[in-house]
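Chemist: Here it is: the structure, laid out below.
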Ligand SMILES: [Ca+2]
Ligand SMILES: [Ca+2]
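In our numbering, the protein residues as written are 120 to 450.
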């Protein structure tokens with residue numbers, strides 16, 4: 120009796136152990152099945168993506184604050200159930216939508232829309248699929264940095280006169296025909312003086328914010344070329360007046376292409392070749408007759424000697440007569 124009971128309880132324990140063992144196996148198998156389903160999800164939604172391909176995230180542009188500019192924003196979008204449209208958001212506000220590829224937008228930037236010089240702009244694209252689902256791209260940032268104001272056009276005017284003694288009735292001939300030239304910010308402007316020695320150049324570019332001002336080059340056959348720097352600085356647009364013209368020194372014999380920007384013995388030698396001639400002589404050259412008195416003689420030699428051994432750097436600096444404070448740009 121006792122033994123049978125003992126055998127029976129042993130049997131029960133064995134059955135219980137077998138049950139526990141079976142349950143453990145079952146639990147282990149279902150756990151394994153669970154973890155397998157997490158690592159390899161079965162796609163249930165259509166395959167879609169949308170992303171901004173241009174500009175690149177964290178890229179930047181530099182521009183002048185007073186000249187608005189634009190750049191393209193390009194979006195790539197795909198959906199296995201078809202793309203109905205692509206919307207582009209700028210700083211959270213919808214700026215446009217496209218119903219067909221290529222999904223390209225143009226962002227127009229104006230520096231006048233804020234009070235700061237530099238901006239970070241945020242762009243995000245959203246694709247709406249044919250089945251009405253919404254897919255959003257990552258948000259990209261584009262930096263826009265101000266280089267300050269761009270070049271602005273100014274008018275440069277003034278008077279030029281030969282720096283030598285001459286009979287007043289030769290003034291019109293002697294004052295006219297000085298070439299005034301500048302190449303500033305890639306823009307060339309050329310003017311010539313009239314019979315009063317007056318010239319006017321329009322559309323000369325300067326940039327007061329960056330402190331880059333045009334240099335004006337004044338030249339004429341047989342005159343020493345002169346440069347006037349920093350035109351436009353401090354309101355220095357009228358560079359000289361009729362009463363105080365910019366003086367040009369005669370004596371650098373030759374043309375624009377042959378002058379060496381120096382008055383020296385070579386020039387005197389050239390003048391001597393035409394010495395003691397008048398317009399009826401074969402060797403007479405009107406350009407060497409500096410005072411235009413119809414004779415190349417000792418007067419002309421003295422004119423050369425008065426600025427002998429000088430170069431273009433020997434001219435005194437032309438300074439603004441009435442300096443005015445530089446304008447302060449307000450973005
Ligand atoms: Ca010379
Ligand atoms: Ca003469």
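Here a beta-carbon is modelled for each residue, glycine too, at the ideal position from N, C-alpha and C.
With respect to the beta strand (DSSP E) encompassing residue 274, which residues constitute its N-terminal and C-terminal limits?
Modeler: Counted from its first residue, the chain shown places residue 274 at position 155. Note, residue 274: beta strand (DSSP E), 271–281.
Chemist: Note the first and the last residue of the continuous beta strand (DSSP E) segment covering residue 324.
Modeler: If you number the chain shown from 1, residue 324 lands on position 205. Residues 317–325.
Chemist: At a cut-off of 7 Å, would you count residue 394 as near ligand 4, judging by its Cβ distance to the nearest heavy atom?
Modeler: In the structure on display, ligand 4 does not appear, and the ligands it does have are ligand 1 and ligand 2.
Chemist: Tell me, which residues are paired with residue 178 by DSSP?
Modeler: Here residue 178 refers to the residue found at position 59 of the chain shown. DSSP output for residue 178 lists 261 as bridge partner(s).
Chemist: Output the boundary residues of the alpha helix (DSSP H) element that contains residue 420.
Modeler: Working through the chain shown from its first residue, we reach residue 420 at position 301. Where residue 420 is concerned, the enclosing alpha helix (DSSP H) stretches over 417–424.
Chemist: Between residue 338 and residue 188, what straight-line distance do the alpha-carbon atoms span, to the nearest angstrom?
Modeler: In the chain shown, residue 338 corresponds to position 219, counting from 1. In the chain shown, residue 188 corresponds to position 69, counting from 1. So the alpha carbons of these two residues sit roughly 39 Å apart.
Chemist: Quick one: using the 10 Å Cβ neighbour count with 16 as the cut-off for buried, is residue 243 buried or exposed?
Modeler: Here residue 243 refers to the residue found at position 124 of the chain shown. With 16 or more other Cβ atoms within 10 Å, it is buried.
Chemist: In this structure, how does DSSP classify residue 391 when only helix, strand and coil are distinguished?
Modeler: Residue 391 sits at position 272 when you count from the first residue of the chain shown. Helix.
Chemist: Ordered along the chain, which non-local residues of its own chain (more than five positions away) have a Cβ less than 7 Å from that of residue 273?
Modeler: Here residue 273 corresponds to residue number 154 of the chain shown, with the count starting at 1. So the list reads 323, 325, 351 and 356, once near-sequence residues are dropped.
Chemist: Using DSSP with H/G/I as helix, E/B as strand and the rest coil, what is residue 294?
Modeler: Taking the first residue of the chain shown as position 1, residue 294 is located at position 175. Note: residue 294 maps to helix in three-state DSSP.
Chemist: Which residues does DSSP list as the beta-bridge partners of residue 361?
Modeler: Taking the first residue of the chain shown as position 1, residue 361 is located at position 242. Beta-bridge pairing links residue 361 to no other residue.
Chemist: If you reduce the DSSP assignment to three classes, tell me which class residue 328 lands in.
Modeler: Translated into the one-based positions of the chain shown, residue 328 becomes position 209. Here residue 328 sits in coil by DSSP.
Chemist: So which residues touch the region around ligand 1, with touch meaning a C-beta under 7 Å from any heavy atom?
Modeler: Qualifying residues, in the order they occur: 371, 372, 373, 378, 379, 381, 382, 383, 385 and 386.
Chemist: Taking the straight line between their C-alpha atoms, what separation do you get for residue 211 and residue 259?
Modeler: What you label residue 211 is simply residue 92 of the chain shown in a count that begins at 1. What you label residue 259 is simply residue 140 of the chain shown in a count that begins at 1. Roughly 12 Å separates the two Cα atoms.
Chemist: Verify whether the separation of the beta carbon atoms of residue 316 and residue 364 is less than 8 Å.
Modeler: Within the chain shown, the letter at position 197 stands for residue 316. Within the chain shown, the letter at position 245 stands for residue 364. Cβ atoms of residue 316 and residue 364: closer than 8 Å.
Chemist: With distance defined between alpha-carbon atoms, name the residue in 374, 353 and 366 nearest to residue 439.
Modeler: One-based indexing of the chain shown puts residue 439 at position 320. For the residues 374, 353 and 366, the minimum Cα distance to residue 439 belongs to 353.
Chemist: Going along the chain, which residues of its own chain have a beta-carbon closer than 6 Å to the beta-carbon of residue 266, five neighbours each way excluded?
Modeler: The residue labelled residue 266 in the question sits at position 147 within the chain shown. Counting only Cβ-Cβ distances below 6 Å, and skipping sequence neighbours, we find 181 and 183.
Chemist: If you follow the beta strand (DSSP E) that residue 203 is in, where does it begin and where does it stop?
Modeler: As a first step, residue 203 must be located in the chain shown, where it is residue number 84. Element bounds for residue 203: 202–209.
Chemist: Is any non-hydrogen atom of ligand 2 found closer than 7 Å to the C-beta of residue 418, if you look at the structure I gave you?
Modeler: Numbered from 1 along the chain shown, position 299 holds the residue referred to as residue 418. The answer is yes for residue 418.
Chemist: Count Cβ pairs between the stretch 304–318 and the stretch 248–258 that sit closer than 8 Å; are there 3 or more?
Modeler: The stretch 304–318 vs the stretch 248–258: no contact.
Chemist: Name the two residues that bound the continuous beta strand (DSSP E) containing residue 372.
Modeler: Residue 372 sits at position 253 when you count from the first residue of the chain shown. Residue 372 -> no beta strand (DSSP E), and no H or E assigned at all.
Chemist: Opposite residue 189 in the DSSP bridges: which residues?
Modeler: The residue given as residue 189 occupies position 70 in the chain shown. According to DSSP, which records beta bridges pairwise, residue 189 is partnered with 227.
Chemist: Return yes when the C-beta of residue 415 is under 7 Å from any heavy atom of ligand 2, and no when it is not.
Modeler: Translated into the one-based positions of the chain shown, residue 415 becomes position 296. Yes, since a heavy atom of ligand 2 falls inside the 7 Å radius drawn around the Cβ of residue 415.
Chemist: In this structure, what does DSSP give as the bridge partners for residue 243?
Modeler: As a first step, residue 243 is located in the chain shown; it is residue number 124 there, counting from the start. For residue 243, which the question treats as bridged, DSSP gives the partners 208.
Chemist: Using the three-state DSSP reduction, which class does residue 436 fall into: helix, strand or coil?
Modeler: Sequence index remark: in the chain shown, residue 436 carries index 317 (1-based). DSSP places residue 436 in coil when its eight states are reduced to three.
Chemist: Can you check whether the C-beta of residue 412 is within less than 8 Å of a C-beta belonging to chain D?
Modeler: The displayed structure is made up of one protein chain only, and chain D is not part of it.
Chemist: As a quick exercise: from 192, 169 and 168, pick the residue whose alpha carbon is nearest that of residue 175.
Modeler: As a position in the chain shown, residue 175 is number 56, starting the count at 1. That would be 192, whose Cα lies nearest to the Cα of residue 175.
Chemist: Beta strand (DSSP E) containing residue 334: first to last residue?
Modeler: Residue numbering aside, residue 334 sits at position 215 when the chain shown is read from its first letter. From DSSP, residue 334 is part of no beta strand (DSSP E); its letter is neither H nor E.
Chemist: Starting from residue 414, follow its DSSP beta bridges and name the residues at the other end.
Modeler: What you label residue 414 is simply residue 295 of the chain shown in a count that begins at 1. Paired residue(s): none; residue 414 is not in a bridge.
Chemist: Should residue 431 go down as buried or exposed, given a rule of 16 or more other Cβ atoms within 10 Å for buried?
Modeler: Against the chain shown, residue 431 aligns to sequence position 312. Buried, since its Cβ has 16 or more Cβ neighbours within 10 Å.
Chemist: Let me know if residue 288 comes out buried or exposed under the rule of 16 or more other beta-carbons within 10 Å of its beta-carbon.
Modeler: Counting from 1 along the chain shown, the entry for residue 288 is found at position 169. Classification for residue 288: exposed.
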